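Residues 27 to 529 (our numbering) are what the sequence shown spells out, left to right.
We put the beta carbon where it would ideally sit given N, CA and C, even for glycine.
Given the structure is predicted, the values throughout are model-derived calculations rather than measurements.
Here is the structure we will look at.
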Amino acid sequence: MNIKSALISVYNKDGLNEILEQLSNLGIKIFSTGGTKKFIKEQGHNVTAVETLTSYPSILGGRVKTLHPKVFGGILSRRDTNQDIVELKEYEIPEIDLVIVDLYPFEDTVATSNKESEIIEKIDIGGISLIRAAAKNYKDVLVVSSKSQYNSLLNIIKTQKGNTDLATRQQFAKEAFNISSHYDTAIYNYFNKNKLENLKLSICQSEELRYGENPHQTAKFFGDFSELFSQLHGKKISYNNILDLDAAFNLIADFEETTIAILKHNNACGLASRENLTQAWKDALAGDPISAFGGVIITNKEIDLETAKEINKIFFEVIIAPSYNSEALKILKQKKNRIILIQKGSLNNKYVFRQVLNGALMQEKDTKVETATDLKIVTIKEPTKQEIEDLLFANKLVKHSKSNTIVLAKNKQLIASGVGETSRIDALKHSIEKAKTFNFDLNGAVLSSDAFFPFSDSVELAHKAGITSVIQPGGSIRDKNSIEFCDENNISMVFTGVRHFKH
């Protein structure tokens with residue numbers, strides 16, 4: 027197909043001038059309207075107003091400009107269909123071979139304006155219709171629906187003198203439908219106001235990953251990684267890195283004190299809150315120095331030189347912090363593959379979802395963080411001030427650990443956890459055994475459970491280990507049994523009324 031005529035209507039004029047020069051050099055007739063027509067004339071190129079073609083002016087404050095049979099007939103006409111050719115001649119409709127259109131910046135307007143009237147006016151009607159029409163008729167029309175395609179179009183004009191093949195037009199059409207569907211999804215989600223009704227997700231930005239969960243699996247990340255992180259050093263991010271980053275990102279968001287966490291396979295294996303960052307690191311590492319090998323480290327404070335020297339003593343995959351001391355950064359960059367990230371943004375997604383079977387599950391994100399006022403003391407003995415701080419600390423951790431999970435903590439340090447177990451008592455046994463392996467004294471430690479105790483066996487085992495205070499949601503028909511045991515053995519226990527399952 028040889029381009030003989032073009033319709034151009036764009037909101038963003040950047041990069042358009044060179045295309046106009048090439049089209050003019052080839053003698054291609056240009057139709058346009060509004061601000062685009064004015065721009066083309068100012069650049070010194072011949073242009074025919076759409077209003078001249080249609081014999082109708084732009085009306086309704088610019089809402090209707092190109093919506094006319096003489097425009098859409100020229101785009102949608104089938105060049106190999108005699109009836110279409112006859113009708114074009116009868117109604118004096120010129121064939122349009124190239125459509126260059128972009129859309130009103132609806133998403134940008136939603137992000138920057140609270141005025142509904144302004145947002146509604148950025149819902150493109152003519153542009154989206156032109157894109158869909160040209161893409162539908164890709165057998166005869168080339169559609170350029172994004173500024174990102176300008177270089178490809180220039181290459182076609184320069185090297186092929188405006189000739190295009192079917193495969194090229196089909197590829198451009200595919201991109202056009204990608205843009206139009208994304209645009210409509212953004213509009214729907216604006217009107218839906220984040221309600222749990224229909225799941226419509228459209229992410230155009232993507233990045234190839236080295237591989238998936240395992241080397242034999244291909245993978246991509248869909249999203250804007252640079253919106254949340256700046257990578258200062260290291261190898262390319264992997265699929266498993268991103269899973270750990272997501273877990274780390276959400277975990278550290280629940281802590282305001284100076285805190286460092288070490289994660290492995292999406293679970294914290296070490297975490298401590300301290301006034302001093304270096305001490306926080308040492309105590310986090312002490313929680314499980316074996317699992318920390320090859321892990322992901324995250325903190326909510328700037329990494330200083332002293333802390334960097336300590337962290338540099340072990341092998342780890344990724345480190346995330348809001349900033350780094352320049353000398354600390356030199357230390358951490360000593361390993362060429364070590365991934366060093368700056369956390370820039372925060373997550374504000376209200377829902378989480380996952381693909382299951384032939385559909386998807388979607389739910390509100392678990393944003394609940396318990397405070398002292400949420401605790402219901404159900405035992406005779408009340409927890410001490412220190413125990414309450416530790417209970418709340420442990421409960422934050424339990425929320426971000428795979429179920430079934432038990433977390434043991436003392437003095438705002440993760441002592442041990444049992445995660446991903448099929449029974450709660452096994453999770454507790456695992457955590458106690460792990461704490462003993464690393465020579466922790468459990469006397470005075472606290473226990474957090476992500477769900478209620480179906481039997482009193484968990485508090486019985488906790489008592490034998492030296493644990494003195496327990497936090498759990500409550501809600502079992504046998505809560506009384508656990509409470510009675512705690513009362514008989516001088517253990518304090520509080521209920522939150524909130525379960526924190528994580529699967």
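* Close-in-space but distant-in-sequence residues of the same chain around residue 204 (CB under 8 Å, 5 per side omitted) -> By one-based count along the sequence shown, residue 204 stands at place 178. If we look at residue 204 and ignore the five residues flanking it on each side, its Cβ neighbours are 230.
* Quick one: is residue 448 buried, meaning 16 or more other Cβ sit within 10 Å of its Cβ, or exposed? -> In the sequence shown, the residue the question calls residue 448 occupies position 422. Its Cβ having fewer than 16 others within 10 Å, residue 448 is exposed.
* Report the rounded CA-to-CA distance for residue 283 versus residue 424, giving the unit in angstroms. => Looking up residue 283 in the sequence shown gives position 257. Looking up residue 424 in the sequence shown gives position 398. Cα-Cα distance, rounded: 18 Å.
* Would DSSP call residue 472 helix, strand or coil? -> Start at 1 with the first residue of the sequence shown, and residue 472 comes out as number 446. If DSSP states are grouped into helix, strand and coil, residue 472 belongs with the strands.
* Simplified DSSP state of residue 265, which is helix, strand or coil -> What you label residue 265 is simply residue 239 of the sequence shown in a count that begins at 1. Three-state result, residue 265: helix.
* Asked: Hey, out of 153, 114 and 41, whose CA is closest to residue 88's CA?
  -> Locating residue 88 in the sequence shown gives position 62, where the first residue counts as 1. Checking every option, the nearest Cα to that of residue 88 belongs to 153.
* To do: Have a look at the DSSP bridge pairing and note the partners of residue 233.
  => On the sequence shown, position 207 is the one that residue 233 refers to. DSSP lists 247 as the bridge partner or partners of residue 233.
* Just grab the DSSP bridge partners of residue 388 for me. => As a first step, residue 388 is located in the sequence shown; it is residue number 362 there, counting from the start. Beta-bridge pairing links residue 388 to 379.
* When 243, 347, 331 and 426 are compared against residue 285, the one with the closest alpha-carbon -> Start at 1 with the first residue of the sequence shown, and residue 285 comes out as number 259. Residue 347 is the option with its Cα nearest to residue 285.
* Asked: Run through DSSP, which three-state label would residue 55 get?
  -> Here the question's residue 55 lines up with position 29 in the sequence shown. Residue state, collapsed to three classes: strand.
* Asked: Is DSSP giving residue 207 helix, strand or coil here?
  -> Taking the sequence shown and counting its residues from 1, the one referred to as residue 207 is at position 181. Residue state, collapsed to three classes: helix.
* When the Cα atoms are used, what is the spatial distance from residue 254 to residue 27? -> The residue given as residue 254 occupies position 228 in the sequence shown. The residue given as residue 27 occupies position 1 in the sequence shown. Taking the straight line from one Cα to the other gives about 44 Å.
* Verify whether the separation of the beta carbon atoms of residue 500 and residue 404 is less than 8 Å. => As a first step, residue 500 must be located in the sequence shown, where it is residue number 474. As a first step, residue 404 must be located in the sequence shown, where it is residue number 378. Yes, the pair counts as a contact, with Cβ atoms nearer than the cut-off.
* Would you grab the beta carbon distance between residue 328 and residue 349 for me? Rounded to a whole angstrom, and I think it's under 8 Å. => Here residue 328 refers to the residue found at position 302 when the sequence shown is read from its first residue. Here residue 349 refers to the residue found at position 323 when the sequence shown is read from its first residue. Their Cβ separation, rounded to whole angstroms, is 4 Å, which keeps residue 328 and residue 349 in contact under 8 Å.
* Ordered list of alpha helix (DSSP H) runs contained in the segment 391 to 461, each at least 4 residues -> 411 to 425
* Asked: To which residues of the same chain is residue 69 closer than 7 Å at the C-beta, ignoring the five residues directly before and after it?
  -> On the sequence shown, residue 69 is found 43 positions in, with the first residue counted as 1. 43 and 46.
* Integer Cβ distance of residue 497 from residue 474, believed to fall under 8 Å -> On the sequence shown, position 471 is the one that residue 497 refers to. On the sequence shown, position 448 is the one that residue 474 refers to. Right, the Cβ-Cβ distance comes to about 5 Å (below 8 Å), so this counts as a contact.
* To do: Check whether the Cβ atoms of residue 492 and residue 471 sit closer than 8 Å, and answer yes or no.
  => Position 466 of the sequence shown, counted from the first residue, corresponds to residue 492. Position 445 of the sequence shown, counted from the first residue, corresponds to residue 471. Yes, they are a contact pair.
* What did DSSP end up calling residue 259 once you bin it into helix, strand or coil? -> Working through the sequence shown from its first residue, we reach residue 259 at position 233. Strand at residue 259.
* Asked: Rounded to the nearest angstrom, how far is the Cβ of residue 131 from that of residue 37, given a contact under 8 Å?
  -> Start at 1 with the first residue of the sequence shown, and residue 131 comes out as number 105. Start at 1 with the first residue of the sequence shown, and residue 37 comes out as number 11. Right, their Cβ atoms sit about 7 Å apart.
* Asked: Hey, residue 434 and residue 487 are a contact pair by Cβ (cut 8 Å); roughly how many whole angstroms apart?
  -> On the sequence shown, residue 434 is found 408 positions in, with the first residue counted as 1. On the sequence shown, residue 487 is found 461 positions in, with the first residue counted as 1. Actually they do not touch by this definition, with Cβ atoms about 12 Å apart.
* Segments assigned beta strand (DSSP E), at least 3 residues, entirely inside the segment 45 to 90 -> 55 to 58
* Among the residues of its own chain, which have a CB less than 6 Å from the CB of residue 446, if the five just before and after it don't count? -> Counted from its first residue, the sequence shown places residue 446 at position 420. So the list reads 428, once near-sequence residues are dropped.
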